[in-house]
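Structure first, then comments.
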Amino acid sequence: MKSIYSSTRLIFTLCTLITLLAFSCQDDSSLAEAGETGVAGSYARFIIVNNFMYIVDASSIKTFDLVDETKPAQVDEQIVGERIESIFHFDGRLFVGSGAGLFIYQIEANGLPTQLSATNYFESFETFSCDPVAADSTHAYVTLNTLARIDQPCGGIDNIQTNELRIYDISDLTNPSLLAQYQMEAPKGVGLDGKTLFVCDDAAGLKIYDVNDPLNIQLIKQFDNFTAFDVIPLDGLLLVVGPENVFQFDYTDLSNIQLVSQIAYGI
Amino acid sequence: MKNLRLLPLLLFALCINSCEVIDFDNPEPVGTVEGLRPIYTSNENWDIISSQEPRPIENLGKIYYKDNVIYVNERNKGIHVIDNSNPENPVPIRFIEVIGSEDIAIKGNTLYVDNVTDLVAIDISNILEIEVTSRVKDLYSEAKKTFPEGYSGFFECVDLANGVVIGWEETLLDNPNCQR
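These protein sequences, in sequence, are chains V and H. Number 283 marks the last residue of the first sequence (our numbering); no jumps. Number 187 marks the last residue of the second sequence (our numbering); no jumps.
This is the structure in structure tokens:
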């Protein structure tokens, strides 16, 4: 009896400690992350950087001041082009993907974007595909697909038949140059963590590449038993969304990428 | 007899009315073609946003992550809020109903989402009792309401009498009258 009592007490004490720890952690994190922003997938049209939110619609980029985060106030609007689809942020630069090209902006000290370059994917800005983008300081990774879907505003019958991953050298942000093109099924969302690239290739599933050599990227792993739409890499944990599932993968060990969990259709 | 004389005028008036919504008049019937059909909300309260019990996943769109919580869009309907403190066991905790929504971003305790053509800021510090703190009208142009933006092809003409257009879906159309 005594031993049961003491073990119960031990468990109680442990629980109390854990609860206290949990609460203190929560307090710390809420303090540290007050006003912080989260992480978006590559199809995002809303991106928050410091006290500003950048929103792309079909043709323009709008800047909202979030000094009072409860009341976004528009402070700027610039025409970008047609069929704008997504916006991505890296290190003070905004990468706007459209059906026709890639637009790179620098965020100025006043929070407003200034265009550094406009790179058309095809001979002109008059032909279209669909393309989210991910980037780091040296390269931009663009997926182009022609699978017309209404949830992709760039879609339509004018689409040029292109399904590929493109890698641009952006070491000169004012003059991106095309380095390589890789054939895909119908690539959509794209995510980057260091030199590991995650590509959602629609019904071909999730593809994970080593992109250390942009001219010769290496497929590390492919999961082809589901349809992948977009990804968020979170430092070892990968969120993947398909039309009917949310998957999570552990990629801390790239030679042993594991499915962690999934939430499926109807659940 | 007197009434009959008004018939052509009546027909003309009818035609004017029905032709008003036609974006592109097809002189020849095109038969059954692939195209887009508007999704209407007959709900006049499309701008009411509420935190509800979790609901099943049907057709997911964009995804967002912050502080161990996954936010994933149920296309045109709202946001699944999923507690991911343990990635091995993600737990749906709420569904924020936002009609005509696609995009999500969060700063601090404020979630930003599109609601048909508006931008809405929502205080989510208490996910059970959320509060809309601001609404920017017409973030997106009127275009979303009357034709599928950025799309080229056939579509069913919008009849605003059916309600506000919250999205478009691919379908087979029988002799559609609208095209872009």
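Using N, Cα and C, we set each Cβ at its ideal position, and we do this for glycine too. Keep in mind the model is a prediction, meaning the values are calculated, not measured.
**Prompt:** Can you list, in chain order, the residues of the region 243-270 of chain V whose Cβ is nearer than 9 Å to any Cβ on chain H?
**Reply:** Phe245, Asp246, Val247, Ile248, Leu250, Leu253, Leu255, Val256, Val257, Gly258, Pro259, Glu260, Asn261, Val262, Gln264, Asp266
What did DSSP end up calling Leu135/H once you bin it into helix, strand or coil?
Your numbering for residue 135/H matches position 128 in the second sequence. Reduced to three states, the DSSP call for Leu135/H is coil.
field: Contacts around Asp263/V, its chain only, beta-carbon distance under 6 Å, and the 5 residues preceding and following it disregarded
entry: Numbered from 1 along the first sequence, position 247 holds the residue referred to as residue 263/V. The amino acid occupying residue 263/V in the given sequence is Phe; Asp does not appear at that position. For Phe263/V, where only same-chain residues beyond five positions count, the Cβ hits under 6 Å are Val256, Gln278.
Below-9 Å beta-carbon distance, Leu190/H vs any chain V residue
Here chain H covers residues 8 to 187 and nothing more, so residue 190/H does not appear.
Worksheet item: Are Thr53/V and Ala112/H touching if we call contact CB-CB under 9 Å?
Response: One-based indexing of the first sequence puts residue 53/V at position 37. One-based indexing of the second sequence puts residue 112/H at position 105. It is a contact, given that the beta carbons lie within the stated cut-off.
Any residues in the region 54-70 of chain V with a beta carbon nearer than 8 Å to a beta carbon of chain H? Which ones, in chain order? Gly54, Val55, Ala56, Gly57, Tyr59, Ala60, Arg61, Phe62, Ile63, Ile64, Met69
Kindly list the residues whose CB is nearer than 6 Å to the CB of Ile64/V, restricted to its own chain and excluding five residues on each side of it in sequence; keep chain order.
-> Taking the first residue of the first sequence as 1, we reach residue 64/V at position 48. Only Thr53 meet the Cβ criterion.
Between which two residues does the beta strand (DSSP E) containing Tyr121/V stretch? Position 105 of the first sequence holds residue 121/V. Taken as a continuous stretch (DSSP letters only), the beta strand (DSSP E) holding Tyr121/V covers 117-123.
- Sorted by chain position, which residues of the same chain lie with C-beta nearer than 7 Å to Pro36/H's C-beta, five sequence neighbours on each side aside? As a working note, residue 36/H is residue 29 in the second sequence. The answer, listed in chain order, is Asn182.
* Asked: Mind checking if Thr86/V is an interface residue toward chain H, Cβ cutoff 9 Å exclusive?
  -> Sequence index remark: in the first sequence, residue 86/V carries index 70 (1-based). Yes, its Cβ sits closer than 9 Å to a Cβ of chain H.
| message | Please state whether the Cβ-Cβ distance between Leu126/H and Pro192/V is less than 9 Å. | response | Counting from one through the second sequence, the residue named residue 126/H turns up at place 119. Counting from one through the first sequence, the residue named residue 192/V turns up at place 176. Taking 9 Å as the Cβ cut-off, Leu126/H and Pro192/V do not qualify as a contacting pair.
For Pro203/V, three-class secondary structure by DSSP: As a first step, residue 203/V must be located in the first sequence, where it is residue number 187. Reduced to three states, the DSSP call for Pro203/V is coil.
By Cβ distance below 8 Å, which residues in the same chain neighbour Thr212/V in space, the five residues on each side in sequence not counted? Walking along the first sequence from the start, residue 212/V turns up at place 196. So the qualifying residues of the chain are Ile224, Tyr225, Asp226, Val227, Ile236, Pro249, Tyr267, Leu270.
| task | Taking only beta-carbon positions, decide if Ile283/V is within less than 9 Å of chain H. | result | As a first step, residue 283/V must be located in the first sequence, where it is residue number 267. Closer than 9 Å: yes.
Would you call the CB atoms of Ser153/V and Ser187/V closer than 9 Å? Your numbering for residue 153/V matches position 137 in the first sequence. Your numbering for residue 187/V matches position 171 in the first sequence. Yes. Within cutoff.
Can you check which of these residues, Asn232/V, Pro203/V, Leu254/V, is closest to Val158/V by C-alpha distance?
Residue 158/V sits at position 142 when you count from the first residue of the first sequence. The shortest Cα separation from Val158/V among Asn232/V, Pro203/V, Leu254/V belongs to Pro203/V.
Which of helix, strand or coil DSSP assigns to Leu128/V:
Counted from its first residue, the first sequence places residue 128/V at position 112. Three-state result, Leu128/V: coil.
_Member of Thr162/V, Gly57/V, Tyr59/V, Thr86/V whose CA lies at the smallest distance from the CA of Asn67/V_ = As a first step, residue 67/V is located in the first sequence; it is residue number 51 there, counting from the start. Asn67/V has its Cα closest to that of Thr86/V, out of Thr162/V, Gly57/V, Tyr59/V, Thr86/V.
Next on the checklist: In the DSSP output, what is Pro45/H paired with across the bridge?
Outcome noted: For the purposes of this step, residue 45/H is taken as the residue at position 38 of the second sequence. Paired residue(s): Trp175/H.
Review point. Can you find a CB in chain V that lies within less than 9 Å of the CB of Ser58/H?
Key: As a first step, residue 58/H must be located in the second sequence, where it is residue number 51. Chain V, which has no Cβ nearer than 9 Å to the Cβ of Ser58/H, makes this no.
### Task
Determine the burial state of Ser92/H: buried for a count of at least 16 other Cβ atoms within 10 Å of its Cβ, exposed for fewer.
Here residue 92/H refers to the residue found at position 85 of the second sequence. Per the 10 Å Cβ criterion, exposed.
Counting Cβ pairs closer than 8 Å, one from the region 130-139 of chain H and one from the region 95-104 of chain V, do we hit at least three?
no
* Asked: Looking only at DSSP bridge pairs, what is Ser92/H linked to?
  -> Numbered from its first residue, the second sequence carries residue 92/H at position 85. Its beta-bridge partners do not exist; DSSP assigns none.
Residue-level contact to chain V via CB, Asp30/H, 9 Å cutoff: Your numbering for residue 30/H matches position 23 in the second sequence. Bear in mind that the predicted position of Asp30/H carries a pLDDT of just 47, short of 50, making it unreliable; the figure below should be weighed with that in mind. So no, Asp30/H is outside the interface.
>> Quick check on DSSP: helix, strand or coil for Leu118/H?
In response: Within the second sequence, the letter at position 111 stands for residue 118/H. In the structure shown, Leu118/H sits in a strand (DSSP, three-state: E or B).
ask   = Along chain V, in chain order, which residues have C-beta atoms closer than 8 Å to that of Pro191/H?
value = Given that chain H is displayed from residue 8 to residue 187, the structure contains no residue 191/H and the question cannot be resolved.
Can you tell me which of the three DSSP states Asn169/H falls into? Numbered from its first residue, the second sequence carries residue 169/H at position 162. Helix, per DSSP.
With a CB to CB cut of under 7 Å and the five nearest residues on each side skipped, what residues in its chain are close to Tyr198/V? Counted from its first residue, the first sequence places residue 198/V at position 182. Around Tyr198/V: Glu180, Leu181, Ile233.
query: Interface residues of chain H around Leu82/V at Cβ under 7 Å?
result: Taking the first residue of the first sequence as position 1, residue 82/V is located at position 66. Under the 7 Å cutoff, chain H gives Lys114.
Using a beta-carbon distance below 9 Å, is Ser108/H in contact with chain V?
Along the second sequence, read from residue 1 onward, the residue named residue 108/H stands at position 101. Taking Cβ atoms only, chain V never reaches closer than 9 Å to Ser108/H, which makes this a no.
Legend entry - Coarse secondary structure for Asn232/V, derived from DSSP in three states: The sequence position of residue 232/V within the first sequence is 216, counting from 1. Helix, per DSSP.
- Query: Should Val215/V be flagged as near chain H, meaning a C-beta pair shorter than 9 Å?
  - Reply: What you label residue 215/V is simply residue 199 of the first sequence in a count that begins at 1. False, the Cβ-Cβ gap to chain H never drops below 9 Å.
- Tell me, which residues are paired with Pro99/H by DSSP? Here residue 99/H refers to the residue found at position 92 when the second sequence is read from its first residue. DSSP lists Ile89/H as partners of Pro99/H.
Problem - Inter-residue CB distance, Ile56/H and Val105/H (contact presumed, cutoff 8 Å) - result: On the second sequence, residue 56/H is found 49 positions in, with the first residue counted as 1. On the second sequence, residue 105/H is found 98 positions in, with the first residue counted as 1. 5 Å between Cβ atoms; contact.
Can Asp243/V and Tyr184/V be called in contact, C-beta distance under 9 Å?
Reading the first sequence from its first residue, position 227 is the one you call residue 243/V. Reading the first sequence from its first residue, position 168 is the one you call residue 184/V. Going by the sequence as given, residue 243/V is Thr instead of Asp. Not in contact: Thr243/V and Tyr184/V (Cβ atoms no closer than 9 Å).
inquiry  = Using CA atoms only, rank isn't needed, just tell me which of Leu160/V, Gln177/V, Gly252/V, Leu189/V is closest to Arg196/V.
reply    = Residue numbering aside, residue 196/V sits at position 180 when the first sequence is read from its first letter. Note on identity: in this sequence residue 196/V is Ala, with Arg being the wrong assignment. The residue with the shortest Cα to Cα distance from Ala196/V is Leu160/V.
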